[in-house]
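Quick note: the sequence shown uses UniProt numbering, first residue 1, plus one each step. Heads up, the thing below is written out as structure tokens.
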Amino acid sequence: MAPVSLPSDAPPEATPDTPSEAARGVPAPERTRARPLSREERRDAIAAATIPLLVEHGAAVTTRQIADAAGVAEGTLFRAFADKDEILHAAVVRSLDPAPAVAAIGLLPDDDGLRPLVVSIVEFLLEAQRVGMRIFAAAHQVLDPHRHSAGRAAGPPGDAVPDRATADRVETVRRMRAGDGPDARRAGFDARERSAREIVGAIERKLAAHGAELRVEPGLAARAVFSLVFGNALPHLSGGDRLDAVQLADLILGGIGADVTTDPSP
Numbered sequence: 001m002a003p004v005s006l007p008s009d010a011p012p013e014a015t016p017d018t019p020s021e022a023a024r025g026v027p028a029p030e031r032t033r034a035r036p037l038s039r040e041e042r043r044d045a046i047a048a049a050t051i052p053l054l055v056e057h058g059a060a061v062t063t064r065q066i067a068d069a070a071g072v073a074e075g076t077l078f079r080a081f082a083d084k085d086e087i088l089h090a091a092v093v094r095s096l097d098p099a100p101a102v103a104a105i106g107l108l109p110d111d112d113g114l115r116p117l118v119v120s121i122v123e124f125l126l127e128a129q130r131v132g133m134r135i136f137a138a139a140h141q142v143l144d145p146h147r148h149s150a151g152r153a154a155g156p157p158g159d160a161v162p163d164r165a166t167a168d169r170v171e172t173v174r175r176m177r178a179g180d181g182p183d184a185r186r187a188g189f190d191a192r193e194r195s196a197r198e199i200v201g202a203i204e205r206k207l208a209a210h211g212a213e214l215r216v217e218p219g220l221a222a223r224a225v226f227s228l229v230f231g232n233a234l235p236h237l238s239g240g241d242r243l244d245a246v247q248l249a250d251l252i253l254g255g256i257g258a259d260v261t262t263d264p265s266p
């Protein structure tokens with residue numbers, strides 16, 4: 001049987017009647033290779049890819065799952081990190097960074113007026129809250145001092161020098177790993193407070209574009225949104241019957257909407 005040629009995406013070979021582009025003086029297109037990631041960029045990418053796995057699997061996540069999520073071979077993980085624990089520590093540190101949430105809030109659509117924007121913000125915060133609570137639970141497993149040798153620091157090893165914000169988050173994780181004493185609680189509170197301030201700032205900037213529809217300053221409106229959404233998650237405040245995004249948005253707008261009649265009495 002004669003061999004069958006399969007169709008190919010490759011261009012046909014040049015024939016004597018079809019001179020090649022080089023022969024016609026046409027320069028070949030330049031082939032550019034992607035710049036390889038630095039070690040710190042690789043570490044950050046792996047840590048970011050690990051965060052959703054921490055949410056789903058906790059500390060039981062495997063290095064195979066991490067490698068697949070990061071799109072690298074398992075061996076690459078251990079050229080960037082000493083071991084799995086160090087990857088998990090880096091992921092917890094990375095999860096404390098509010099920058100992704102701030103950027104996501106900035107991208108929320110806001111062309112349809114105040115109410116749809118507030119609903120979108122509340123929906124985003126509810127999901128961020130759900131993810132954050134899962135990471136918080138996983139962090140207790142990852143940072144359990146009984147799982148680790150004493151004195152080992154989380155974060156970039158060797159002579160790597162992180163930026164100030166990253167260094168602060170690394171220090172927070174290091175102090176959290178010390179146990180459940182006052183320093184650990186203070187470190188966790190400080191990290192959450194910094195994150196909350198940046199997220200509230202992002203909400204304020206978003207609401208400021210609708211200042212004419214507000215009866216309070218955008219900063220106060222942003223704090224009201226953040227406080228009500230996150231207070232809704234506390235069992236001793238919500239009574240276990242949590243409100244959904246639309247219910248929360250309606251309550252918020254009833255307090256900050258410009259069409260609400262205020263009590264004129266002192």
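All C-beta atoms, glycine included, are put in the ideal place defined by N, C-alpha and C. Quantities reported herein were computed from a predicted structural model and do not represent experimental measurements.
Counted within 10 angstroms of its Cβ, other Cβ atoms place residue i as buried (16 or more) or exposed
i, result
"V246", "exposed"
"P98", "buried"
"residue 319", "With the chain running from 1 to 266 in the structure shown, residue 319 is simply not present."
"S95", "buried"
"S195", "buried"
"A2", "Low confidence applies to A2: its pLDDT is 42, below 50, so where it sits in the model is not reliable, and the reading given next is rough at best. So A2 counts as exposed."
"R43", "buried"
"L234", "exposed"
"E13", "Residue confidence is low: E13 scores 47 on pLDDT, short of 50, so the model does not pin down where it sits. Its coordinate-derived value is still stated next. Exposed, since its Cβ has fewer than 16 Cβ neighbours within 10 Å."
"A212", "exposed"
"A82", "exposed"
Distance cut-off 7 Å: residue i Cβ against heavy atoms of the ligand SAH
i, result
"L37", "What this structure holds is no ligand at all, so the ligand SAH is not there to describe."
Helix, strand or coil at residue i according to DSSP, with G and I counted as helix
i, result
"L37", "coil"
"L214", "strand"
"A209", "coil"
"G71", "coil"
"A233", "coil"
"A113", "The identity of residue 113 in the sequence shown is Gly, whereas the question assumes Ala. Looking at G113 - three-state DSSP - the assignment turns out to be coil, as it is neither helix nor strand."
"P100", "helix"
"F78", "helix"
"V61", "coil"
"L107", "coil"
"R43", "helix"
"D250", "helix"
Among the options, the one whose alpha carbon lies nearest that of residue i
i, options, result
"G113", "A209, L54, L234, P218", "A209"
"H57", "L251, E213, G211, V142", "V142"
"G106", "N232, K206, L248, V225", "K206"
"A138", "P52, G201, R39", "P52"
"R197", "L214, E213, A222", "A222"
"R134", "G255, D250, A224, L54", "L54"
"V225", "L126, D190, A45", "L126"
Legend entry - Stretch pair the segment 68-79 + the segment 118-125: three plus CB contacts closer than 8 Å: no
Inset, instruction - Answer yes if the segment 78-95 comes into contact with the segment 58-70, meaning at least three C-beta pairs across the two stretches below 8 Å, and no otherwise. - result: yes
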